[in-house]
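S.K.:
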Amino acid sequence: MTTAACAGCGTCAAECPTGAIVMHHFTDRQILDQIETLLAEKPEEKILTFACNWCSYAGADAAGVSRLQYPPHVRLLRTMCSGRVAESFIWHAFRHGAPVVLVSGCHIGDCHYINANHWTEKRIAKVRRKMEKLGIRPERLQLAWVSAAEGVRFAGIMNDMERLRQSVSAEEIAETVRILKEHGGFTDPLTPHDTAPTPSPSSDLSVAP
Ligand code: SF4
Ligand code: FES
447 MTTAACAGCG TCAAECPTGA IVMHHFTDRQ ILDQIETLLA EKPEEKILTF ACNWCSYAGA
507 DAAGVSRLQY PPHVRLLRTM CSGRVAESFI WHAFRHGAPV VLVSGCHIGD CHYINANHWT
567 EKRIAKVRRK MEKLGIRPER LQLAWVSAAE GVRFAGIMND MERLRQSVSA EEIAETVRIL
627 KEHGGFTDPL TPHDTAPTPS PSSDLSVAP
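Numbering (this note's numbering), first residue to last: 447 to 655.
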């Protein structure tokens, strides 16, 4: 990789199968710690939202500046691009009791890293297929595109997420945690990229793309 040519989207770190690529300031460990902190108390009430720096995070800001109402337990986790949201981050959130997870970013064609959000789209579809295979409702993982000017859209999506969150029971969350613990090799907090052992066949959640 030519370091000087890197724009910093984080997609390569999210896709790297061996964890050889480390994103400064947005390391796996830093993001996993943020997930744990955001879900540390009453995770069943939280709407964990990954928001890209340039569009959806700014959209949330626009909603706030416009004083639009949306649920108070939305928790934003900022990355430079939605392409940085690795599969392991999503599993980590569900393992820590998240009822729902939203990945948000710039509209297709507007990503500040040209086409990085195409990778996001493919990755989310892949994770949802795995959720289905594991018996976890795939709709609990949502993907939404929000521009910096779309405060109204951001608030509307958050209200939809709140309705979705309310449809997830405590039993469903507990069952998800149990399922993911069974597949712990792939979803262990230290597994993703920092100290990753090779997942055993029984812990590999991968399905054919
Ligand atoms: S994929 Fe993104 S983070 Fe990785 S080298 Fe390219 S621009 Fe940099
Ligand atoms: S910069 Fe927003 S999705 Fe890539």
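Think of the CB as a built atom: it goes at the ideal place given N, C-alpha and C, for glycine as much as any other residue.
Is C462 a contact residue of ligand 2, with contact defined as CB to any heavy atom under 8 Å?
M.R.: For the purposes of this step, residue 462 is taken as residue 16 along the sequence shown, with counting starting at 1. No, Cβ of C462 sits at least 8 Å from all heavy atoms of ligand 2.
S.K.: Are the stretch 577-586 and the stretch 515-532 in contact at 8 Å, needing three or more beta carbon pairs?
M.R.: Flag = no, the stretch 577-586 and the stretch 515-532 do not touch.
S.K.: Does DSSP put T448 in a helix, a strand or coil?
M.R.: For the purposes of this step, residue 448 is taken as residue 2 along the sequence shown, with counting starting at 1. T448 falls in the coil class under three-state DSSP.
S.K.: How is A532 classed by DSSP in three states: helix, strand or coil?
M.R.: In the sequence shown, counting from the first residue as 1, residue 532 sits at position 86. Coil, per DSSP.
S.K.: Measuring from the CB of C458, is there a heavy atom of ligand 1 at a distance below 8 Å?
M.R.: Indexing the sequence shown from 1 puts residue 458 at position 12. Correct: C458 has its Cβ closer than 8 Å to ligand 1.
S.K.: Considering only DSSP beta bridges, list what V468 is partnered with.
M.R.: Locating residue 468 in the sequence shown gives position 22, where the first residue counts as 1. Answer is none; V468 lacks a bridge partner.
S.K.: Can you tell me the Cβ-Cβ gap for G597 and S512, rounded? I've got them flagged as a contact below 8 Å.
M.R.: Working through the sequence shown from its first residue, we reach residue 597 at position 151. Working through the sequence shown from its first residue, we reach residue 512 at position 66. Right, their Cβ atoms sit about 5 Å apart.
S.K.: Taking C-beta to C-beta, are S592 and S550 nearer than 9 Å?
M.R.: Residue numbering aside, residue 592 sits at position 146 when the sequence shown is read from its first letter. Residue numbering aside, residue 550 sits at position 104 when the sequence shown is read from its first letter. The sequence given here has Val at residue 592, not Ser. Against a cut-off of 9 Å, the Cβ pair of S550 and V592 comes out as a contact.
S.K.: Give a yes or no on whether the C-beta atoms belonging to P455 and A594 are separated by under 9 Å.
M.R.: For the purposes of this step, residue 455 is taken as the residue at position 9 of the sequence shown. For the purposes of this step, residue 594 is taken as the residue at position 148 of the sequence shown. Per the sequence presented here, residue 455 reads as Cys, with Pro not at that position. The criterion of a C-beta distance shorter than 9 Å is not satisfied by C455 and A594.
S.K.: Could you give the distance in angstroms between the alpha-carbon of E533 and the alpha-carbon of Y559?
M.R.: Here residue 533 is taken as the residue at index 87 of the sequence shown, counted from 1. Here residue 559 is taken as the residue at index 113 of the sequence shown, counted from 1. Rounded to the nearest whole angstrom, the CA to CA distance from E533 to Y559 is 19 Å.
S.K.: Tell me whether D388 is buried or exposed, calling it buried when 16 or more other Cβ atoms sit within 10 Å of its Cβ.
M.R.: Missing from the structure shown is residue 388; the chain here goes from 447 to 655 and no further.
S.K.: Specify the secondary structure class of T525 as computed by DSSP and reduced to three states.
M.R.: As a first step, residue 525 is located in the sequence shown; it is residue number 79 there, counting from the start. T525: strand per DSSP, three-state reduction.
S.K.: Any residues whose CB sits closer than 7 Å to a heavy atom of ligand 2? List them in chain order?
M.R.: C455, C498, N499, W500, C501, S502, M526, C527, S528, G529, G551, C552, C557, H558, Y559, A562, N563 and T566
S.K.: Beta carbon of C498, beta carbon of C452: below 9 Å?
M.R.: The residue given as residue 498 occupies position 52 in the sequence shown. The residue given as residue 452 occupies position 6 in the sequence shown. Cβ atoms of C498 and C452: not closer than 9 Å.
S.K.: Rounded to whole angstroms, what's the CA-CA distance from M469 to A460? Just pull it up for me.
M.R.: In the sequence shown, residue 469 corresponds to position 23, counting from 1. In the sequence shown, residue 460 corresponds to position 14, counting from 1. The C-alpha of A460 is placed about 9 Å away from the C-alpha of M469.
S.K.: Taking G505 as the reference, which of H553, H519 and V547 has the closest Cα?
M.R.: Working through the sequence shown from its first residue, we reach residue 505 at position 59. Checking every option, the nearest Cα to that of G505 belongs to H553.
S.K.: Let me confirm a value: P677 is counted as buried when at least 16 other C-beta atoms fall within 10 Å, else exposed. Which label applies?
M.R.: This structure cannot speak to residue 677, because the chain is shown only from 447 to 655.
S.K.: Answer yes or no: do H519 and E491 have a C-beta to C-beta separation smaller than 9 Å?
M.R.: Translated into positions along the sequence shown, residue 519 becomes position 73. Translated into positions along the sequence shown, residue 491 becomes position 45. Their beta carbons are under 9 Å apart, which means H519 touches E491 by this criterion.
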